[in-house]
Amino acid sequence: MRGGHRFDPDAPLSSAPRVVRRAHVHPWGAGEARGFRRRAGVFTEAGEAVSESICLRGPNLAATLMPEAPPEGEMEGLAGRWLFGGLLYTHFGHLICESIGRLWPLAADTGFDGILFFPKKKFGWENKQFAGAPRGLFKALGLGRLDLRAPQRPVVVEELHLPEQAFGTGEMCAARPELRGFLRERLCASEAPSGPEKIYVSRQLLNSKRGSLLLEDHLAAQLAAEGYVPVHPQELSIPEQVALYRAARQIISTDCSALHLAAMVAEPQCQIAIVQRAPTPHIHDFRRQFEAFAGITPLILDVMTGFWSVSGQRVVKREVFTELEFSRLGEGLSAAGFITRGSLRPPGADAAVAAKTRIEAALGPLSHHALDRPGDHAA
Amino acid sequence: MRNEGPYVLEWVAHHRAIGFGPIMVFTNDCDDGTDRLLDRLAELGHVIHAPNPKAVFTQLGVWQVAALRYATAFNAFRDADWVMTLDVDEFLELSPGGGTLADLFAAVPPFDLMSFAVLGYNSGGEVEIGDGSVQARFQIPRMPLEAVDHGGGGLKSAVKTLMRNDFEKAQFRNHRPRIDGFSGLGRTWLDAGGRPLPAAFTDHKINLWPAAGALRFGHVNHHSLRSQESFLVKALRGDAMTPSRMGFDAAARANTIRYWAERNVGLENPARQPKPPQGAEALLASYHADPVLGPLHGAALAAHRAKVAALLETEAGRDLAGAIGYRATGDVEAAG
């Protein structure tokens, strides 16, 4: 699925959803898996592959591969008119980027009975996949009355509509106009602006295995002294977050999935500063998304000097503990008017050791990785 | 080594004074300045310091084995007349004369290898990291040396081996080298009682051997616990051989507590004054007086204390501390 496909966020979607009657949906098809990609696909009753069911992570990066053959044997029948939603993730970051990119027809078409997904994970109890983040997000999008299904076994759908996927990661994080409009309208309808002008989006209360800034506590405390109210998105409902992001005029955050939601509802006059904590190119996704969704160019601060990961385990760069050069961070934030000059003090001598100790007590020994060439960590 | 900062200077001074040339040390992931201390000691010509290759090539096996293999690739190793591997919590103690290698070689007829019994010490009931000194503070052996020397219930002890470095095929290992067919080579491998070791030991990868009568010329003092605070930091650091042996997660917790409990025995034994080699004290004093080493030692102590404090803020840390009977001295004072 790699090719020369260019993603144009300004171009309207080219086609209406493809409609397949008696669609044979194969959530766990046969065939070789490749990395995170696995086999899942929709087939016509005649056994032809429906290529519109291929799910994307980015413009040239598939998240599913067509199964080698259509499903066979007894299948559950789903009556009614269903929208194909793609892959259903339970991880919030993937959920918000990859599981709502096909919902744009719902802006005008109110005649659907439900949304049908491929499951991302194997769950014994299908509804468990929707518990928590997914159900809350779909409800906030005003879709609470629709049935949500992500069957683990093949099903036959009476009428399945397969729209183009208009959102994802990489260049697809800018999304397409129809979807941007739909998401902003629905999410803003879920809650009015309400909250402080300055907020800091925190990872402090996340499970430590998710990674963060090594000295996030220090940063959060310094920002609090500058009036930034810490926000812990994972403890808030989607409408509660929407209210905060809409009301805020200055948001400081690390690169975290809550920013994907903030970009959908933030007002154009809001200033965004992103303190990069994961040394990966995903940082550009946030820039693309804020520019396309809100007309905001976020201030991206790459002052990472190194990071720690759990010794003896594969390094997942989005789950590491990043070291920062605080002096340059302070300069960047004050030059852009987020804080007063000189207010961001460097941490004490043993602060890093203490922070690392708390992480090691939870996760085990950490190993250090140096990052040189500041400003070049997204490559 | 990893995060052994408070203990580096005493250990290097001890083994330099005993007569070893540059000591090769490999480190990884230090955040207490251990690596910086060793860099300075390398500048002074007292150690050769390099990163553990596993820090770069993560597919390598365990930390300690990676370091030992790597060491043999250095010319400093190849050019050495004698080689021995010792951990930072192990101190070679020699009985003859001034307790140096020269005294040992003068006292014992020529030999090619000598395996020393490793004798463990308990925590001595010490709580705090203190000034980082080890041999002056932890002097209670798990079993009195006289009892070990007299058979101590058939006690087998781990050995550490001093080896003449001229064998065609010797695999350098932590406790003793592997030399295939050693007994047929016509060479001499003694225990530290000066007695030839049988083929049953020399020709097999055996790390444990009866220590009865084997202490005459020396032994290795092993301080695997040190103080309670030191042990908490060690648990945080992890084990160089077996990850599940040391740590705070559910899997390692029981092993960690067992490690402490098995080694913190014999607290009622009489204290024993170790015999450091001649010149060790003066050399250590010169290290502390060094404008770089002195402050780095102090910073390492502060870092370890900060680790203990941070650890005690975590539930896992308090849990382990409680399981080893830790009670901060500050708490005692507060309790009146």
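Quick note, the sequences are listed as chains A and B, same order.
For the first sequence, position 65 matches number 65 in our numbering, and the numbering has no gaps at all.
Add 1000 to a position in the second sequence, counting from 1, and you land on the number used in our numbering.
Glycine included, every Cβ here is placed at the ideal spot set by N, Cα and C.
Bridge partners for residue i per DSSP, in chain order?
{"i": "Trp82 of chain A", "result": "A:Gly114 and A:Leu160"}
{"i": "Ala1349 of chain B", "result": "The first residue shown for chain B is 1001 and the last is 1336, placing residue 1349 of chain B beyond what the model contains."}
{"i": "Phe974 of chain B", "result": "Because chain B here runs from 1001 to 1336, residue 974 of chain B falls outside it and cannot be looked at."}
{"i": "Thr254 of chain A", "result": "A:Val275"}
{"i": "Leu56 of chain A", "result": "A:Ala62"}
{"i": "Leu213 of chain A", "result": "A:Thr322"}
{"i": "Gly93 of chain A", "result": "Per DSSP, none; premise fails for Gly93 of chain A."}
{"i": "Gln1171 of chain B", "result": "B:Arg1178"}
{"i": "Met1163 of chain B", "result": "B:Val1083 and B:Leu1113"}
{"i": "Phe43 of chain A", "result": "A:His24 and A:Ala49"}
Using a beta-carbon distance below 7 angstroms, is residue i in contact with chain B?
{"i": "Val320 of chain A", "result": "no"}
{"i": "Arg153 of chain A", "result": "no"}
{"i": "Ala379 of chain A", "result": "Summary for Ala379 of chain A: the model assigns pLDDT 45, below 50, so the residue's position carries little reliability, and this model does not support an answer."}
{"i": "Pro12 of chain A", "result": "no"}
{"i": "Asp285 of chain A", "result": "no"}
{"i": "Glu325 of chain A", "result": "no"}
{"i": "His368 of chain A", "result": "yes"}
{"i": "Thr357 of chain A", "result": "yes"}
{"i": "Pro177 of chain A", "result": "no"}
{"i": "Val353 of chain A", "result": "yes"}
{"i": "Glu360 of chain A", "result": "yes"}
{"i": "Asp217 of chain A", "result": "no"}
{"i": "Leu206 of chain A", "result": "no"}
{"i": "Asp372 of chain A", "result": "no"}
{"i": "Asp350 of chain A", "result": "yes"}
{"i": "Gly364 of chain A", "result": "yes"}
Would you call the CB atoms of residue i and residue j closer than 7 angstroms?
{"i": "Asn1122 of chain B", "j": "Asn1264 of chain B", "result": "yes"}
{"i": "Cys97 of chain A", "j": "Thr169 of chain A", "result": "yes"}
{"i": "His84 of chain A", "j": "Leu13 of chain A", "result": "First, the residue type needs correcting, since residue 84 of chain A is Phe and not His in the sequence shown. Result no, Cβ atoms of Phe84 of chain A and Leu13 of chain A do not sit closer than 7 angstroms."}
{"i": "Thr1161 of chain B", "j": "Leu1113 of chain B", "result": "yes"}
{"i": "Met264 of chain A", "j": "Arg184 of chain A", "result": "yes"}
{"i": "Leu244 of chain A", "j": "Ala273 of chain A", "result": "no"}
{"i": "Met1001 of chain B", "j": "Ala1071 of chain B", "result": "no"}
{"i": "Pro134 of chain A", "j": "Leu95 of chain A", "result": "yes"}
{"i": "Ala40 of chain A", "j": "Phe117 of chain A", "result": "no"}
{"i": "Ala1042 of chain B", "j": "Asn1052 of chain B", "result": "no"}
{"i": "Leu1284 of chain B", "j": "Glu1010 of chain B", "result": "yes"}
{"i": "Pro67 of chain A", "j": "Gly31 of chain A", "result": "yes"}
{"i": "Ala189 of chain A", "j": "Arg176 of chain A", "result": "no"}
{"i": "Gly1238 of chain B", "j": "Pro365 of chain A", "result": "yes"}
{"i": "Met304 of chain A", "j": "Leu371 of chain A", "result": "yes"}
{"i": "Cys55 of chain A", "j": "Gly29 of chain A", "result": "no"}
{"i": "Arg102 of chain A", "j": "Pro151 of chain A", "result": "no"}
{"i": "Ala292 of chain A", "j": "Ala131 of chain A", "result": "no"}
{"i": "Leu214 of chain A", "j": "Ala355 of chain A", "result": "yes"}
{"i": "Val157 of chain A", "j": "Leu78 of chain A", "result": "yes"}
{"i": "Ala1310 of chain B", "j": "Thr357 of chain A", "result": "yes"}
{"i": "Ala1080 of chain B", "j": "Asn1165 of chain B", "result": "yes"}
Is there at least one Cβ from chain A nearer than 7 angstroms to residue i's Cβ?
{"i": "Thr1072 of chain B", "result": "no"}
{"i": "Ala1321 of chain B", "result": "no"}
{"i": "Leu1038 of chain B", "result": "no"}
{"i": "Asp1149 of chain B", "result": "no"}
{"i": "Thr1314 of chain B", "result": "yes"}
{"i": "Ala1170 of chain B", "result": "no"}
{"i": "Leu1236 of chain B", "result": "yes"}
{"i": "Leu1060 of chain B", "result": "no"}
{"i": "Lys1307 of chain B", "result": "yes"}
{"i": "Gly1247 of chain B", "result": "yes"}
{"i": "Asp1031 of chain B", "result": "yes"}
{"i": "Val1332 of chain B", "result": "Interpretation of Val1332 of chain B is limited by its pLDDT of 45, a score under 50 that renders its predicted location unreliable; the figure taken from the coordinates is listed afterwards. Cβ-Cβ to chain A under 7 angstroms: no for Val1332 of chain B."}
{"i": "Ala1310 of chain B", "result": "yes"}
{"i": "Gly1317 of chain B", "result": "yes"}
{"i": "Ala1351 of chain B", "result": "Residue 1351 of chain B lies beyond the range of chain B shown here (1001 to 1336); nothing can be said about it."}
If residue i sits next to residue j, beta carbons under 8 angstroms apart, how far is it from one beta carbon to the other, in whole angstroms?
{"i": "Glu226 of chain A", "j": "Ser343 of chain A", "result": "5 angstroms"}
{"i": "Ala361 of chain A", "j": "Ala1316 of chain B", "result": "5 angstroms"}
{"i": "Ala1192 of chain B", "j": "Gly1151 of chain B", "result": "That pair is no contact at about 16 angstroms."}
{"i": "Leu946 of chain B", "j": "Leu1119 of chain B", "result": "Nothing in the structure corresponds to residue 946 of chain B, since chain B is present only between 1001 and 1336."}
{"i": "Ala1303 of chain B", "j": "Asp1039 of chain B", "result": "About 16 angstroms separates the two Cβ atoms, so there is no contact after all."}
{"i": "Tyr1345 of chain B", "j": "Val1127 of chain B", "result": "Because chain B here runs from 1001 to 1336, residue 1345 of chain B falls outside it and cannot be looked at."}
May I have a chain-ordered list of the beta strand (DSSP E) segments no shorter than 3 residues that lie completely inside the region 1056-1144 of chain B? 1090-1094 and 1113-1120
Completely contained alpha helix (DSSP H) runs for the region 286-372 of chain A, where each covers 4 or more residues: 326-335 and 351-363
As an exercise, report each continuous alpha helix (DSSP H) stretch of at least 4 residues that is fully enclosed by the region 127-203 of chain A, in chain order. 133-140 and 177-190
I'd like the ranges of any alpha helix (DSSP H) spanning at least 4 consecutive residues and lying wholly in the region 1221-1274 of chain B. 1228-1237 and 1250-1263
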